[in-house]
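See below for the structure under consideration.
Number of protein chains: 2
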Amino acid sequence: MQHPVPLDQRKQQILKAVVADYTRTGVPVGSASLAVHLATWSSATIRNELATLSEVGYLIQPHTSAGRVPSDLGYRYYVDFLMDEEDVPAAVRRQVDPFFAVLPSGVEDILEIAATALAHAADAVSLVTAPRALGVRVKHLDLVKLNDTQALLVLVLEGNLVRQQALNLTGPADQTVLSAIASGLNAVVVGLNAAGMSRLPESVGKHAVLERDLLTQIIAFMTVCDAQQDTLILHDGVRNLLHQPEFGDVELLQQVIEVVEEERMLAALISAADLDHGIQIMIGRESGMAELSRCSLVLTTYRAGAERRGTIGVLGSTRMAYAQVGPRVRYVAQRVGRAVGRALS
Amino acid sequence: MQHPVPLDQRKQQILKAVVADYTRTGVPVGSASLAVHLATWSSATIRNELATLSEVGYLIQPHTSAGRVPSDLGYRYYVDFLMDEEDVPAAVRRQVDPFFAVLPSGVEDILEIAATALAHAADAVSLVTAPRALGVRVKHLDLVKLNDTQALLVLVLEGNLVRQQALNLTGPADQTVLSAIASGLNAVVVGLNAAGMSRLPESVGKHAVLERDLLTQIIAFMTVCDAQQDTLILHDGVRNLLHQPEFGDVELLQQVIEVVEEERMLAALISAADLDHGIQIMIGRESGMAELSRCSLVLTTYRAGAERRGTIGVLGSTRMAYAQVGPRVRYVAQRVGRAVGRALS
DNA sequence: GCTTAGCACTCAACCTCGACGAGTGCTAAT
DNA sequence: ATTAGCACTCGTCGAGGTTGAGTGCTAAGC
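Residue numbers (my numbering), protein chains in the order written: chain A, 488 to 832; chain B, 488 to 832.
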């Protein structure tokens, strides 16, 4: 997506002013009110510039006698070239920090807290995915007898992520046998990911059929865990959409909330996000989802330790304060990264 | 809460018809349209009866020249005396059953599925609490070394509820020591709840300071788990509120969503629910929360095994189809109970 | 005495109309 | 190239009028 039309100094300044004004008030902005802020030029001059900005597609007129509103492309130009990011105000920091003061040891609980914190900080819907690595490594495992045909596998993964799954017992085994198998497996398996484990069976299989059998099931479950990680998305702050005038239309609201509650629709979007750039902003239709054509996403990566990273960000109206939201998302991302990193120990 | 005014046969029939009509259409219902269904009497007669029903508080007129709408009290009378519960249609069953066809082994995952299923079945916001007993019993525990000063406690509770928590190590201990302690504790602790465990320390304390120390921390954490269970509430289906005309007003919607997202406000309400009656219906202001004055709650208990029970239900407009919602909530409750019971093994 | 036809009355919803004004585009003067 | 000036557009707002659904009351009928 290129910006075909470069803008001269003055047009840039005017576009920037339009975005700022519209973001603040939510009302289409006219030449007169711009002339107050940009006292260098008269309203007529600004009017001419507005006309050309409309022609090249950066601004839109809701109707003939209305002011201008930035188009998706206009916001894009603003975000890429004009925006001055604002520092995160102390007040917002004071609001966010307490969330991370006392932390649970489980990664998921931390993420839930992060979602709440970010929803508050950015006044939008927050989205958080679990940290993922190429393959999650096992830290510890345990087997608990459920009944004659089933045992419960308890996997402690890196990041104190705990996963459980019922496994089938192909032969009889009581808890002492299971515990023995578990400690046997622990010796071999700790530190491996699904891929690493799949290279084990031959050597382990010697000992016992049951053991090999369980290992096969464990590997299968690990693979499922890997896959799940990509789709798990927490969210919070739907309430923050409601007081925005552009969502006074319930139709629109409904579409957006549906997308947020159907987590897997967002999963596709977020996994498509380019995580290597510091922060990614998708404006309006750029997301490719019709339901979100009036919404923007501001996403970033949080890093927990050397390799593990997850996505965190917000979903809000296209008319959001990008200059504020970006830094706030980054701020929370940094906190989460640190917190999750600590949980990884 | 008594019903001071008993109604004669005809008034009952009319009230019932008003509720049925209003539930269906959402429009205040007038004497003329009632006279079609209740052909026994003319519209004038019905008009007289409507007037007295309004006087005693069962009906409300939005304005002078409008039809009647049931008041909270009117719904209450309907629900208590007039409602004929409808069977759960096969179509709805076919919609719900697949959710319970393939089940994860963890209770919380099951509950999440249940929340989604109920939201679909009842076309409202679903609410689900974790099953609680007087005290949750331990099934298995494990200790995983995190670093020199901390170990991760992994508790498997009844119902395959897995909880993890970092514990402080008062002395040095590597993983083999921790595993030994864990298996030692397992022998003593399995099947006990927090209360039962608090009677242990004297006898266990002999062996090692570290062991006693950990046990103390474990007991403390168990108590926390007990408390958390009461407040954990899952929800789904906020989207279902949006297509209801009474929530066209965004103000109202905002209040309701805020309550739903702030789970702890609901926790108080739900724990106050009288779970021993088959199904509990709270209509409008009966809930005591001003924000929910236009909403009703339909709650019931699901039983998993002999003693454990949780709450499941829906939050919707007071104008919901009580005759349909009640049975559907019970239907899902029964499925959840069975599923959770199975997970309890 | 209960029921009901008839009728005057009320009032929200809806439409129309005109005034208003915010904002534009164009033109001509600087 | 800039800008003052002006005619023009069109959405918003409020006043005024119409409509129709629904009522309450009264008086007649069974």
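Glycine is no exception: its CB is placed at the ideal position from the N, C-alpha and C atoms.
- State yes or no: is the C-beta of L729 (chain B) nearer than 7 Å to some heavy atom of the ligand ADP? Summarising the ligand content, the structure contains no ligands, and the ligand ADP is consequently not present.
- Message: Please report the distance separating the alpha-carbon of D574 (chain B) from that of A810 (chain B).
- Response: As a first step, residue 574 (chain B) must be located in the second sequence, where it is residue number 87. As a first step, residue 810 (chain B) must be located in the second sequence, where it is residue number 323. Rounded to the nearest angstrom, the two C-alpha atoms are 9 Å apart.
- Message: Taking the alpha helix (DSSP H) that L521 (chain A) belongs to, which residues open and close that run?
- Response: Along the first sequence, read from residue 1 onward, the residue named residue 521 (chain A) stands at position 34. Going by DSSP, L521 (chain A) is part of the alpha helix (DSSP H) stretching over S518 to H524.
- How is the beta strand (DSSP E) around S670 (chain B) delimited, first residue to last? For the purposes of this step, residue 670 (chain B) is identified with residue 183 of the second sequence, where counting begins at 1. It is not in any beta strand (DSSP E) - S670 (chain B) instead sits in the alpha helix (DSSP H) that spans Q662 to V676.
- Quick one: Cα of P618 (chain A) to Cα of A791 (chain A), how far? Position 131 of the first sequence, counted from the first residue, corresponds to residue 618 (chain A). Position 304 of the first sequence, counted from the first residue, corresponds to residue 791 (chain A). Straight through space, the alpha carbons of A791 (chain A) and P618 (chain A) are spaced by roughly 8 Å.
- Counting pairs of Cβ atoms below 8 Å between the stretch 583 to 592 of chain B and the stretch 540 to 554 of chain B, do you hit three or more? The stretch 583 to 592 of chain B makes no contact with the stretch 540 to 554 of chain B: fewer than 3 CB pairs, one atom from each, lie closer than 8 Å.
- Pick helix, strand or coil for H550 (chain A), following the three-state DSSP scheme. Counting from one through the first sequence, the residue named residue 550 (chain A) turns up at place 63. Collapsing the DSSP output to three states places H550 (chain A) in coil.
- Query: Among residues of its own chain, excluding the 5 on either side of R563 (chain A), which ones have a beta-carbon nearer than 6 Å to its beta-carbon?
  - Reply: On the first sequence, residue 563 (chain A) is found 76 positions in, with the first residue counted as 1. If the five residues before and after R563 (chain A) are omitted, its C-beta is found closer than 6 Å to the C-beta atoms of I770, all from its own chain and listed in chain order.
- Message: For a contact defined as C-beta to C-beta under 8 Å, what are the partners of C725 (chain A) on chain B?
- Response: Residue numbering aside, residue 725 (chain A) sits at position 238 when the first sequence is read from its first letter. Note that residue 725 (chain A) corresponds to Val in the displayed sequence, not to Cys. At a beta-carbon threshold of 8 Å, the residues of chain B lying near V725 (chain A) are V725, I744 and E748, ordered along the chain.
- When A:R781, A:V543 and A:M709 are compared against L648 (chain A), the one with the closest alpha-carbon: What you label residue 648 (chain A) is simply residue 161 of the first sequence in a count that begins at 1. The shortest C-alpha separation from L648 (chain A) is found at A:M709.
- Segment limits, alpha helix (DSSP H) that includes A791 (chain A): Here residue 791 (chain A) corresponds to residue number 304 of the first sequence, with the count starting at 1. Taken as a continuous stretch (DSSP letters only), A791 (chain A) belongs to no alpha helix (DSSP H), being part of the beta strand (DSSP E) at C782 to A791.
- Message: Relative to the C-alpha of A826 (chain A), which candidate in A:V696, A:D596 and A:S670 has its C-alpha closest?
- Response: As a first step, residue 826 (chain A) must be located in the first sequence, where it is residue number 339. Of all alpha-carbon atoms in A:V696, A:D596 and A:S670, the one lying nearest the alpha-carbon of A826 (chain A) is that of A:D596.
- Comparing the C-beta of G735 (chain A) with each C-beta of chain B, is any distance below 8 Å? Locating residue 735 (chain A) in the first sequence gives position 248, where the first residue counts as 1. For G735 (chain A), the answer is yes, since a Cβ of chain B falls inside 8 Å of its Cβ.
- Item | Beta-carbon proximity check, V747 (chain B) vs L605 (chain B), cutoff 8 Å | For this step, residue 747 (chain B) is matched to residue 260 along the second sequence. For this step, residue 605 (chain B) is matched to residue 118 along the second sequence. No, these two residues do not count as a Cβ contact at 8 Å.
- Message: So, for V641 (chain B): in the same chain, excluding its five sequence neighbours on each side, which residues have a beta-carbon less than 8 Å away from its beta-carbon?
- Response: Start at 1 with the first residue of the second sequence, and residue 641 (chain B) comes out as number 154. Taken in chain order, the residues that qualify are L628, D629, L630, V631, V649, R650 and Q651.
- Counting only runs of 3+ residues fully inside the stretch 589 to 673 of chain A, write out the beta strand (DSSP E) ranges in chain order. The stretch 589 to 673 of chain A contains these whole beta strand (DSSP E) runs: 612 to 616, 625 to 632, 637 to 644 and 648 to 655.
- Starting from the beta carbon of G803 (chain A), find every residue of chain B whose beta carbon is closer than 7 Å, and list them in chain order. For this step, residue 803 (chain A) is matched to residue 316 along the first sequence. For the C-beta of G803 (chain A), not a single chain B residue is nearer than 7 Å; the gap to the nearest is close to 16 Å.
- Task: Drop a sphere of 10 angstroms on the beta-carbon of E738 (chain A), count the other beta-carbons inside from all chains shown, and report buried for 16 or more, exposed for fewer.
- Result: By 1-based counting over the first sequence, the position of residue 738 (chain A) is 251. E738 (chain A) counts as exposed, since fewer than 16 other C-beta atoms from the protein chains shown sit within 10 angstroms of its C-beta.
- DSSP state of V725 (chain A), grouped into three classes? Here the question's residue 725 (chain A) lines up with position 238 in the first sequence. Residue state, collapsed to three classes: coil.
- Message: Is the separation between the beta-carbon of S529 (chain B) and that of L546 (chain B) shorter than 8 Å?
- Response: Here residue 529 (chain B) is taken as the residue at index 42 of the second sequence, counted from 1. Here residue 546 (chain B) is taken as the residue at index 59 of the second sequence, counted from 1. Contact check for S529 (chain B) against L546 (chain B) fails: the beta carbons are separated by 8 Å or more.
- Task: Note down the Cα distance separating I799 (chain A) from A808 (chain A), rounded to an integer number of angstroms.
- Result: As a first step, residue 799 (chain A) is located in the first sequence; it is residue number 312 there, counting from the start. As a first step, residue 808 (chain A) is located in the first sequence; it is residue number 321 there, counting from the start. Roughly 17 Å separates the two Cα atoms.
- Query: Is L687 (chain B) closer than 8 Å to L654 (chain B) when the C-beta atoms are compared?
  - Reply: Walking along the second sequence from the start, residue 654 (chain B) turns up at place 167. Walking along the second sequence from the start, residue 687 (chain B) turns up at place 200. No, the Cβ-Cβ distance between L654 (chain B) and L687 (chain B) is not below 8 Å.
- Message: So with CB distances below 7 Å, who are the chain B contacts of H722 (chain A)?
- Response: Against the first sequence, residue 722 (chain A) aligns to sequence position 235. Correct list: empty, because the minimum Cβ distance to chain B is about 10 Å.
- Item | Nearest-angstrom Cα separation, counted from L740 (chain B) out to I744 (chain A) | Within the first sequence, numbered from 1, the residue matching residue 744 (chain A) stands at position 257. Within the second sequence, numbered from 1, the residue matching residue 740 (chain B) stands at position 253. One alpha carbon belongs to I744 (chain A), the other to L740 (chain B), and they sit about 13 Å apart.
- Task: Taking V625 (chain A) and V677 (chain A) to be in contact with their CB atoms under 8 Å, please state how far apart those CB atoms are, rounded to whole angstroms.
- Result: In the first sequence, the residue the question calls residue 625 (chain A) occupies position 138. In the first sequence, the residue the question calls residue 677 (chain A) occupies position 190. Confirmed, Cβ separation roughly 6 Å.
- Query: With distances taken between CB atoms, is the gap from G797 (chain A) to T616 (chain A) smaller than 8 Å?
  - Reply: Counting from 1 along the first sequence, the entry for residue 797 (chain A) is found at position 310. Counting from 1 along the first sequence, the entry for residue 616 (chain A) is found at position 129. Result yes, Cβ atoms of G797 (chain A) and T616 (chain A) sit closer than 8 Å.
- Straight-line CA distance for R795 (chain B) to G824 (chain B)? Counting from 1 along the second sequence, the entry for residue 795 (chain B) is found at position 308. Counting from 1 along the second sequence, the entry for residue 824 (chain B) is found at position 337. So the two alpha carbons sit approximately 9 Å from each other.
- Task: Note down the Cα distance separating V589 (chain B) from Q637 (chain A), rounded to an integer number of angstroms.
- Result: Working through the second sequence from its first residue, we reach residue 589 (chain B) at position 102. Working through the first sequence from its first residue, we reach residue 637 (chain A) at position 150. Straight across, the Cα-Cα distance linking V589 (chain B) with Q637 (chain A) is about 16 Å.
- For I770 (chain B), which residues does DSSP report across the bridge? Sequence index remark: in the second sequence, residue 770 (chain B) carries index 283 (1-based). When DSSP reads this structure, I770 (chain B) sits in a beta bridge with B:S783.
- Task: Following the continuous alpha helix (DSSP H) through T482 (chain A), name the residue where it begins and the one where it ends.
- Result: Within the shown structure, residues of chain A are numbered from 488 to 832, placing residue 482 (chain A) beyond reach of any answer.
- Task: Check whether the Cβ atoms of G724 (chain A) and S613 (chain A) sit closer than 8 Å, and answer yes or no.
- Result: On the first sequence, residue 724 (chain A) is found 237 positions in, with the first residue counted as 1. On the first sequence, residue 613 (chain A) is found 126 positions in, with the first residue counted as 1. Cβ distance < 8 Å, so G724 (chain A) and S613 (chain A) count as in contact.
- Query: What's the call for F734 (chain B), buried or exposed, on a 16-neighbour Cβ count within 10 Å?
  - Reply: Working through the second sequence from its first residue, we reach residue 734 (chain B) at position 247. Taking every protein chain shown into account, the CB of F734 (chain B) has 16 or more other CB atoms within 10 angstroms, so this residue is buried.
- Task: Answer with yes or no whether the minimum CB distance from D629 (chain B) to chain A is below 8 Å.
- Result: Translated into the one-based positions of the second sequence, residue 629 (chain B) becomes position 142. Interface residue, yes.
- CB-CB length for T787 (chain A) against I757 (chain A), believed under 8 Å: Taking the first residue of the first sequence as position 1, residue 787 (chain A) is located at position 300. Taking the first residue of the first sequence as position 1, residue 757 (chain A) is located at position 270. About 11 Å separates the two Cβ atoms, so there is no contact after all.
- Own chain residues within Cβ distance below 8 Å of D508 (chain A), not counting five before or after: Numbered from its first residue, the first sequence carries residue 508 (chain A) at position 21. Excluding residues up to 5 positions away in sequence, V516, S520, L521 and H524 lie with their Cβ nearer than 8 Å to the Cβ of D508 (chain A) in the same chain.
- Do we get a CB-CB distance below 8 Å when we pair A653 (chain B) with the residues of chain A? Here residue 653 (chain B) refers to the residue found at position 166 when the second sequence is read from its first residue. Output row for A653 (chain B): interface = yes.
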